[in-house]
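Below is one structure, written out as structure tokens; comments come after it.
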């Protein structure tokens, strides 16, 4: 599995699809292994197990890369927000007040 999660949103979507495909392949391989266990020799079972372990390792690595990419994006967004609020405190206060007013109006309707 060759997955790089450092692209934009469209790149992440494609990588997520590839990761889902890899996980489905692991499940399919595991299902095939279960079906073959009854009639297989120890060598065939060992080979299938090795293949599944390799796929699982690749899927785990992809999940780790995805988690790091999402974490990096969240940290960058938080940093950018912090900088914006520091540079534009009155705008931030205005936006927060407007959001609070909107929430209050929506809750009042219920």
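Numbering (this note's numbering), first residue to last: 212 to 321.
Don't be surprised by glycine CBs; every beta carbon is placed ideally from N, CA and C.
It should be emphasised that the depicted structure is a prediction, and the values quoted were computed from it without experimental measurement.
- Comparing alpha-carbon positions, the option among 295, 231, 302, 237 lying closest to residue 265 turns out to be 237.
- The Cβ atoms of residue 277 and residue 227 lie closer than 9 Å to each other.
- The beta-carbon separation of residue 241 and residue 256, rounded to 12 Å, does not stay under the 8 Å limit for a contact.
- Approximately 7 Å separates the beta-carbon atoms of residue 230 and residue 270; this is inside 8 Å, confirming the contact.
- If you compare the alpha carbons of 260, 232, 296 with that of residue 273, the shortest gap goes to 232.
- DSSP places residue 271 in the uninterrupted alpha helix (DSSP H) bounded by 253 to 298.
- Judged by beta-carbon spacing, residue 296 lies within the 9 Å limit of residue 303, meaning their Cβ atoms are closer than that value.
- Setting aside the 5 residues that flank it on each side, residue 298 has no residue in the same chain whose C-beta is closer than 6 Å to its C-beta.
- In the three-state reduction of the DSSP assignment, residue 306 falls in the helix class, which pools H, G and I.
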